[in-house]
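See below for the structure under consideration.
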Amino acid sequence: MGVVVMIYLDFFMALLNDMFFSMIPAVGFALVFNVPQKALKYCAIGGALGHGCRFVLLHWGVPIEWATLGAATLVGMIGVHWSHRFLAHPKVFTVAAMIPMVPGVFAFKAMIALVEINHSGYSVELWGLMIENVLKAVFIVAALAIGLAMPGLLFYRRRSVV
1 MGVVVMIYLD FFMALLNDMF FSMIPAVGFA LVFNVPQKAL KYCAIGGALG
51 HGCRFVLLHW GVPIEWATLG AATLVGMIGV HWSHRFLAHP KVFTVAAMIP
101 MVPGVFAFKA MIALVEINHS GYSVELWGLM IENVLKAVFI VAALAIGLAM
151 PGLLFYRRRS VV
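Quick note: the sequence shown uses UniProt numbering, first residue 1, plus one each step.
In structure tokens, the structure reads:
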């Protein structure tokens, strides 16, 4: 019984760690985007919830592209709720909260592989590594954009979906 509790405790602590450290870039970019001071805590909460949702989905074995889409959609939905509650545009709450999920590591690995190809010449392994990382980065950015647009497509339609 103690081992199971330790496993859940370790997961919970890792989740809290992930959520806490995703608040920092969310608030930082909110400051860069001149978000009102009253909305900064909501940007931090949105960034933490989004990154935490992605962390949990990744832990359950969901691919990172789909986990990012789910987390971005969650942040978008929460942003729409907050925008109705506080009478602000949803982008005030959502754009900065999406920043911690930007795929910088995959883009960096792709660029390193490209530089390595330029330096040492073509190899199948380097080319495959570069293409894999570029595609991951592109699909994650697309998932962020779709997740950010999803609430607007669902809630602000003039015509019915069917």
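All C-beta atoms, glycine included, are put in the ideal place defined by N, C-alpha and C.
Between residue i and residue j, is the Cβ-Cβ spacing less than 7 angstroms?
{"i": "C43", "j": "A96", "result": "yes"}
{"i": "P103", "j": "I146", "result": "no"}
{"i": "G23", "j": "A39", "result": "It is worth fixing the name first, because residue 23 is Met in this sequence and not Gly. It is not a contact, given that the beta carbons lie outside the stated cut-off."}
{"i": "F86", "j": "G46", "result": "no"}
{"i": "A71", "j": "L148", "result": "no"}
{"i": "V138", "j": "A110", "result": "no"}
{"i": "T68", "j": "A142", "result": "no"}
{"i": "M101", "j": "P151", "result": "no"}
{"i": "H51", "j": "D10", "result": "no"}
Helix, strand or coil for residue i per DSSP?
{"i": "A26", "result": "helix"}
{"i": "W82", "result": "helix"}
{"i": "V115", "result": "helix"}
{"i": "W127", "result": "helix"}
{"i": "L148", "result": "helix"}
{"i": "N133", "result": "helix"}
{"i": "A88", "result": "coil"}
{"i": "Y156", "result": "coil"}
{"i": "N17", "result": "helix"}
{"i": "V56", "result": "helix"}
{"i": "F100", "result": "Residue identity check: residue 100 is Pro in the sequence provided, not Phe. Residue state, collapsed to three classes: helix."}
Could you round the C-beta distance between residue i and residue j to whole angstroms and report it? I think they count as a contact, below 8 angstroms.
{"i": "K136", "j": "F106", "result": "4 angstroms"}
{"i": "G79", "j": "P63", "result": "The pair is not a contact, with the Cβ atoms about 24 angstroms apart (cut-off 8 angstroms)."}
With a threshold of 8 angstroms, are at least 3 pairs of Cβ atoms found where one atom belongs to the segment 110–117 and the other to the segment 41–58?
no
Cβ pair count under 8 angstroms reaching 3, the segment 81–100 against the segment 17–37:
yes
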